[in-house]
Amino acid sequence: MKKYPKWLFVCIFLFSFLLVISLFQAEPKAAQLSPRTFHPVEIHTVYDTSVFVLGNAAPNSIVTIQTSYRSYRARTSNTGYYGITLDQKERVNAKITVACDSVWYRTSTTYVKKDLNPLKKPYIQPVTNEDLVVRGRAGNASHEQFKIDGDFYWGFPNKDGDFTIQLNKKYRVGSNIEVAGQNETRMTAFEQSKVIKKETLVAPTLSVITDKDTTIDGIAPDAEVVYVTIEGAVYQALPNASTGCFSYPIK
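Under UniProt numbering, the first residue of the sequence shown is numbered 1, with each subsequent residue one higher.
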(Lines of atoms letter the chains of each structure in order from A and count residues from 1; the text may use other names and numbers.)
(Lines give C-alpha, C1' and ligand atoms only; values in the text may rest on other atoms or scores of the structure.)
Protein backbone atom coordinates (compact mmCIF):
# COMPACT_ATOMS: atom_id res chain seq x y z
CA MET A 1 0.00 0.00 0.00
CA LYS A 2 1.34 3.35 -1.09
CA LYS A 3 1.97 5.83 1.70
CA TYR A 4 1.17 9.56 1.28
CA PRO A 5 3.19 12.25 3.02
CA LYS A 6 1.67 13.72 6.17
CA TRP A 7 1.83 17.28 4.85
CA LEU A 8 -0.70 16.35 2.13
CA PHE A 9 -3.26 15.30 4.73
CA VAL A 10 -2.61 18.49 6.67
CA CYS A 11 -3.19 20.60 3.55
CA ILE A 12 -6.44 18.76 2.70
CA PHE A 13 -7.70 19.22 6.27
CA LEU A 14 -6.90 22.94 6.33
CA PHE A 15 -8.51 23.52 2.92
CA SER A 16 -11.70 21.71 4.00
CA PHE A 17 -11.82 23.62 7.29
CA LEU A 18 -11.46 27.00 5.57
CA LEU A 19 -14.11 26.08 2.98
CA VAL A 20 -16.67 25.20 5.66
CA ILE A 21 -15.98 28.43 7.54
CA SER A 22 -16.35 30.51 4.38
CA LEU A 23 -19.74 28.93 3.62
CA PHE A 24 -21.08 29.78 7.08
CA GLN A 25 -19.81 33.34 6.98
CA ALA A 26 -20.99 34.13 3.45
CA GLU A 27 -24.00 36.53 3.37
CA PRO A 28 -27.02 35.40 1.37
CA LYS A 29 -27.29 37.17 -1.97
CA ALA A 30 -29.90 39.89 -1.96
CA ALA A 31 -33.02 39.14 -3.96
CA GLN A 32 -33.23 40.98 -7.27
CA LEU A 33 -36.14 43.41 -6.92
CA SER A 34 -37.79 44.97 -9.94
CA PRO A 35 -37.31 48.75 -9.86
CA ARG A 36 -40.36 50.77 -8.79
CA THR A 37 -41.46 53.57 -11.06
CA PHE A 38 -42.13 56.90 -9.39
CA HIS A 39 -45.23 58.65 -10.74
CA PRO A 40 -45.72 62.17 -9.37
CA VAL A 41 -49.32 63.27 -8.89
CA GLU A 42 -50.09 66.49 -10.74
CA ILE A 43 -53.15 68.72 -10.35
CA HIS A 44 -53.89 71.35 -12.96
CA THR A 45 -54.62 74.77 -11.52
CA VAL A 46 -58.11 74.87 -10.01
CA TYR A 47 -60.01 78.18 -10.15
CA ASP A 48 -63.13 79.34 -8.36
CA THR A 49 -64.95 79.08 -11.72
CA SER A 50 -63.71 75.54 -12.45
CA VAL A 51 -66.23 72.76 -13.01
CA PHE A 52 -63.56 70.04 -13.26
CA VAL A 53 -60.43 68.88 -11.45
CA LEU A 54 -57.91 67.65 -14.04
CA GLY A 55 -54.40 66.24 -13.79
CA ASN A 56 -51.99 63.35 -14.26
CA ALA A 57 -50.88 60.42 -12.11
CA ALA A 58 -49.81 56.79 -12.59
CA PRO A 59 -51.43 55.14 -15.65
CA ASN A 60 -54.40 52.84 -15.05
CA SER A 61 -54.59 53.66 -11.35
CA ILE A 62 -57.24 54.95 -8.97
CA VAL A 63 -57.03 58.54 -7.76
CA THR A 64 -58.95 59.99 -4.82
CA ILE A 65 -59.74 63.70 -4.99
CA GLN A 66 -60.63 65.39 -1.71
CA THR A 67 -62.24 68.85 -1.92
CA SER A 68 -63.94 71.10 0.61
CA TYR A 69 -67.29 69.46 0.03
CA ARG A 70 -66.72 65.78 -0.68
CA SER A 71 -64.42 63.02 -1.93
CA TYR A 72 -64.29 61.72 -5.52
CA ARG A 73 -62.66 58.67 -7.10
CA ALA A 74 -61.59 58.24 -10.71
CA ARG A 75 -59.48 55.87 -12.80
CA THR A 76 -56.58 57.30 -14.80
CA SER A 77 -56.20 56.61 -18.50
CA ASN A 78 -53.39 54.68 -20.21
CA THR A 79 -51.40 57.91 -20.22
CA GLY A 80 -52.19 58.75 -16.58
CA TYR A 81 -54.74 61.50 -17.30
CA TYR A 82 -57.69 61.90 -14.91
CA GLY A 83 -60.63 64.26 -14.56
CA ILE A 84 -63.70 64.58 -12.35
CA THR A 85 -66.73 66.88 -12.49
CA LEU A 86 -67.25 68.95 -9.36
CA ASP A 87 -70.65 68.93 -7.68
CA GLN A 88 -69.99 72.43 -6.40
CA LYS A 89 -67.51 75.10 -7.40
CA GLU A 90 -64.75 75.55 -4.84
CA ARG A 91 -64.17 78.81 -3.02
CA VAL A 92 -60.87 80.70 -3.30
CA ASN A 93 -58.08 79.28 -1.07
CA ALA A 94 -59.93 75.98 -0.56
CA LYS A 95 -57.55 73.01 -0.43
CA ILE A 96 -57.80 70.16 -2.93
CA THR A 97 -55.76 66.99 -2.41
CA VAL A 98 -55.27 64.21 -4.93
CA ALA A 99 -53.92 60.81 -3.86
CA CYS A 100 -52.90 58.05 -6.28
CA ASP A 101 -52.96 54.42 -5.16
CA SER A 102 -50.28 53.16 -7.54
CA VAL A 103 -46.98 51.29 -7.00
CA TRP A 104 -46.06 54.11 -4.65
CA TYR A 105 -48.80 55.91 -2.76
CA ARG A 106 -48.34 59.63 -3.45
CA THR A 107 -50.41 62.75 -2.83
CA SER A 108 -50.39 66.29 -4.10
CA THR A 109 -52.20 69.39 -2.86
CA THR A 110 -53.23 72.64 -4.53
CA TYR A 111 -55.27 75.68 -3.48
CA VAL A 112 -58.13 77.18 -5.45
CA LYS A 113 -57.23 80.47 -7.11
CA LYS A 114 -59.30 83.45 -8.15
CA ASP A 115 -60.05 83.23 -11.87
CA LEU A 116 -59.11 86.59 -13.38
CA ASN A 117 -59.84 85.46 -16.95
CA PRO A 118 -62.65 82.89 -16.87
CA LEU A 119 -63.31 80.77 -19.93
CA LYS A 120 -66.39 81.78 -21.88
CA LYS A 121 -68.97 79.21 -22.88
CA PRO A 122 -68.35 77.88 -26.41
CA TYR A 123 -70.99 78.29 -29.10
CA ILE A 124 -71.59 75.92 -32.03
CA GLN A 125 -73.79 76.56 -35.02
CA PRO A 126 -76.72 74.13 -35.30
CA VAL A 127 -75.57 70.78 -36.72
CA THR A 128 -77.81 69.02 -39.25
CA ASN A 129 -77.89 65.41 -40.39
CA GLU A 130 -76.24 66.47 -43.67
CA ASP A 131 -73.31 68.38 -42.17
CA LEU A 132 -69.70 67.25 -42.37
CA VAL A 133 -68.35 70.54 -41.02
CA VAL A 134 -69.19 72.18 -37.71
CA ARG A 135 -68.51 75.85 -37.08
CA GLY A 136 -68.66 77.88 -33.92
CA ARG A 137 -66.95 80.27 -31.54
CA ALA A 138 -64.71 79.24 -28.67
CA GLY A 139 -64.49 82.55 -26.81
CA ASN A 140 -61.07 82.73 -25.14
CA ALA A 141 -60.38 78.98 -25.11
CA SER A 142 -57.28 77.64 -26.86
CA HIS A 143 -59.23 74.64 -28.18
CA GLU A 144 -62.54 72.90 -27.71
CA GLN A 145 -63.49 69.30 -27.11
CA PHE A 146 -66.41 68.24 -29.26
CA LYS A 147 -68.34 64.99 -28.91
CA ILE A 148 -71.20 63.44 -30.92
CA ASP A 149 -72.57 60.09 -29.75
CA GLY A 150 -69.22 59.21 -28.17
CA ASP A 151 -67.04 60.25 -31.15
CA PHE A 152 -64.46 62.87 -30.13
CA TYR A 153 -63.27 65.80 -32.23
CA TRP A 154 -60.97 68.73 -31.48
CA GLY A 155 -61.28 72.25 -32.82
CA PHE A 156 -58.71 75.03 -32.68
CA PRO A 157 -60.00 78.61 -32.95
CA ASN A 158 -58.36 81.37 -34.93
CA LYS A 159 -57.35 84.71 -33.43
CA ASP A 160 -61.00 85.82 -33.46
CA GLY A 161 -62.13 82.70 -31.59
CA ASP A 162 -63.90 81.08 -34.56
CA PHE A 163 -63.34 77.38 -35.19
CA THR A 164 -64.19 74.74 -37.80
CA ILE A 165 -64.34 71.00 -37.12
CA GLN A 166 -64.32 68.41 -39.92
CA LEU A 167 -66.59 65.46 -39.12
CA ASN A 168 -65.70 61.97 -40.34
CA LYS A 169 -69.34 61.00 -40.97
CA LYS A 170 -72.89 62.31 -41.01
CA TYR A 171 -74.93 61.82 -37.87
CA ARG A 172 -78.57 60.90 -37.49
CA VAL A 173 -81.22 63.35 -36.35
CA GLY A 174 -81.33 63.50 -32.56
CA SER A 175 -77.68 62.51 -31.99
CA ASN A 176 -76.29 64.07 -28.82
CA ILE A 177 -73.79 66.90 -29.23
CA GLU A 178 -71.48 68.07 -26.45
CA VAL A 179 -68.86 70.79 -26.70
CA ALA A 180 -66.55 72.28 -24.06
CA GLY A 181 -63.94 75.02 -24.28
CA GLN A 182 -60.53 74.13 -22.91
CA ASN A 183 -57.01 75.43 -22.40
CA GLU A 184 -53.94 73.98 -20.68
CA THR A 185 -55.39 74.04 -17.19
CA ARG A 186 -59.12 74.71 -17.47
CA MET A 187 -62.22 73.37 -19.12
CA THR A 188 -65.78 74.69 -19.32
CA ALA A 189 -68.84 72.57 -18.68
CA PHE A 190 -70.14 70.68 -21.70
CA GLU A 191 -72.80 72.59 -23.64
CA GLN A 192 -75.34 70.16 -25.04
CA SER A 193 -77.39 70.14 -28.21
CA LYS A 194 -78.75 67.67 -30.77
CA VAL A 195 -78.34 67.04 -34.49
CA ILE A 196 -81.34 68.51 -36.30
CA LYS A 197 -82.93 67.66 -39.62
CA LYS A 198 -81.69 69.78 -42.49
CA GLU A 199 -84.42 72.11 -43.64
CA THR A 200 -84.56 75.30 -45.66
CA LEU A 201 -85.34 78.03 -43.17
CA VAL A 202 -86.78 81.40 -44.05
CA ALA A 203 -84.22 84.04 -43.08
CA PRO A 204 -85.26 86.01 -39.98
CA THR A 205 -86.05 89.68 -40.26
CA LEU A 206 -84.77 92.19 -37.71
CA SER A 207 -86.47 95.38 -36.60
CA VAL A 208 -84.54 98.64 -36.73
CA ILE A 209 -82.55 99.12 -33.51
CA THR A 210 -81.95 102.54 -32.01
CA ASP A 211 -79.73 103.65 -29.14
CA LYS A 212 -82.84 103.94 -26.96
CA ASP A 213 -84.11 100.40 -27.52
CA THR A 214 -83.90 97.90 -24.67
CA THR A 215 -84.69 94.82 -26.79
CA ILE A 216 -83.74 93.31 -30.13
CA ASP A 217 -86.92 92.31 -31.96
CA GLY A 218 -87.63 90.42 -35.15
CA ILE A 219 -89.48 87.57 -36.83
CA ALA A 220 -88.14 84.07 -37.57
CA PRO A 221 -91.13 82.20 -39.10
CA ASP A 222 -89.62 78.69 -39.38
CA ALA A 223 -86.90 78.68 -36.73
CA GLU A 224 -87.08 77.03 -33.33
CA VAL A 225 -84.10 79.02 -32.02
CA VAL A 226 -82.66 82.37 -33.04
CA TYR A 227 -78.99 83.17 -32.37
CA VAL A 228 -78.25 86.83 -31.69
CA THR A 229 -74.65 88.06 -31.89
CA ILE A 230 -73.76 91.27 -30.06
CA GLU A 231 -70.13 92.39 -30.41
CA GLY A 232 -68.92 88.82 -30.75
CA ALA A 233 -71.02 87.39 -27.91
CA VAL A 234 -73.70 84.92 -29.02
CA TYR A 235 -77.11 84.67 -27.34
CA GLN A 236 -80.22 82.59 -27.91
CA ALA A 237 -83.78 83.78 -28.32
CA LEU A 238 -86.89 81.60 -28.70
CA PRO A 239 -89.44 82.72 -31.31
CA ASN A 240 -93.14 82.51 -30.57
CA ALA A 241 -94.37 79.14 -31.83
CA SER A 242 -97.37 80.61 -33.68
CA THR A 243 -96.19 84.03 -34.84
CA GLY A 244 -92.41 83.53 -35.10
CA CYS A 245 -91.78 86.82 -33.28
CA PHE A 246 -88.79 86.98 -30.96
CA SER A 247 -87.29 89.50 -28.56
CA TYR A 248 -83.97 89.59 -26.75
CA PRO A 249 -83.15 92.12 -24.00
CA ILE A 250 -80.14 94.35 -24.53
CA LYS A 251 -77.94 94.36 -21.43
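Every residue, glycine too, gets a C-beta built ideally from N, C-alpha and C.
With DSSP as the reference, identify every bridge partner of residue i, one or two as the case may be.
i             : result
isoleucine 12 : The partner list for isoleucine 12 (beta bridge, DSSP) is empty, contrary to what the question assumes.
arginine 106  : Cys100
isoleucine 65 : Tyr72, Val98
valine 134    : Ile165
glycine 218   : Leu206, Phe246
threonine 128 : Ile196
leucine 54    : Gly83
glutamine 145 : Trp154, Ala180
threonine 229 : Val234
tyrosine 47   : Lys113
tyrosine 123  : Arg137
glutamate 191 : Val179
glutamate 42  : Asn56
Alpha carbons only, please: which of the options is nearest the one belonging to residue i?
i                 : options                        : result
serine 207        : Gly161, Thr97, Ser247          : Ser247
asparagine 117    : Lys212, Thr188, Phe156, Glu224 : Thr188
lysine 212        : Val112, Gln182, Tyr69, Pro249  : Pro249
serine 224        : Cys11, Gly181, Ile216, Ala237  : The displayed chain sequence assigns glutamate, not serine, to residue 224. If we check each option's Cα against that of glutamate 224, Ala237 comes out closest.
arginine 91       : Val46, Gly174, Ser142          : Val46
lysine 147        : Gly181, Ile62, Ser16           : Gly181
phenylalanine 163 : Phe152, Pro122, Arg172, Glu184 : Pro122
aspartate 222     : Val202, Val112, Arg186         : Val202
alanine 241       : Ile219, Val228, Gly161         : Ile219
threonine 185     : Ser71, Ser61, Asp115, Thr210   : Asp115
isoleucine 196    : Phe190, Arg172, Ile230         : Arg172
serine 108        : Val53, Tyr153, Leu132          : Val53
alanine 233       : Cys11, Val112, Gly161, Gln66   : Gly161
asparagine 183    : Ser142, Val226, Ser16, Cys11   : Ser142
lysine 198        : Thr67, Leu132, Ser71, Ser16    : Leu132
valine 112        : Gln66, Phe152, Asp151          : Gln66
phenylalanine 190 : Cys11, Leu14, Thr243, Phe152   : Phe152
isoleucine 230    : Thr215, Gly244, Thr243         : Thr215
Since residue i and residue j are thought to touch, with beta carbons under 8 angstroms apart, how far apart are those beta carbons, to the nearest angstrom?
i             : j             : result
glutamine 192 : glutamate 178 : 5 angstroms
proline 204   : arginine 106  : Contact doesn't hold; Cβ gap of about 57 angstroms is too wide.
isoleucine 43 : threonine 85  : Contact flag wrong, Cβ pair sits at about 15 angstroms.
valine 51     : lysine 95     : Incorrect: roughly 18 angstroms between the Cβ atoms, too far for contact.
aspartate 87  : tyrosine 69   : 6 angstroms
threonine 64  : arginine 75   : Incorrect: roughly 11 angstroms between the Cβ atoms, too far for contact.
aspartate 217 : serine 175    : That belief does not hold up - the Cβ atoms of aspartate 217 and serine 175 are roughly 33 angstroms apart, past 8 angstroms.
lysine 170    : glutamate 144 : About 21 angstroms separates the two Cβ atoms, so there is no contact after all.
leucine 119   : asparagine 93 : With 8 angstroms as the limit, leucine 119 and asparagine 93 do not qualify as a contact, their Cβ atoms being about 21 angstroms apart.
valine 226    : proline 239   : 6 angstroms
Touching or not, the stretch 44-64 and the stretch 77-87, by the rule of three or more beta carbon pairs under 8 angstroms?
yes
So does the stretch 133-140 actually touch the stretch 150-164, counting three or more Cβ pairs closer than 8 angstroms?
yes
Is the stretch 92-99 touching the stretch 123-132 in the sense that three or more CB pairs, one from each, lie closer than 8 angstroms?
no
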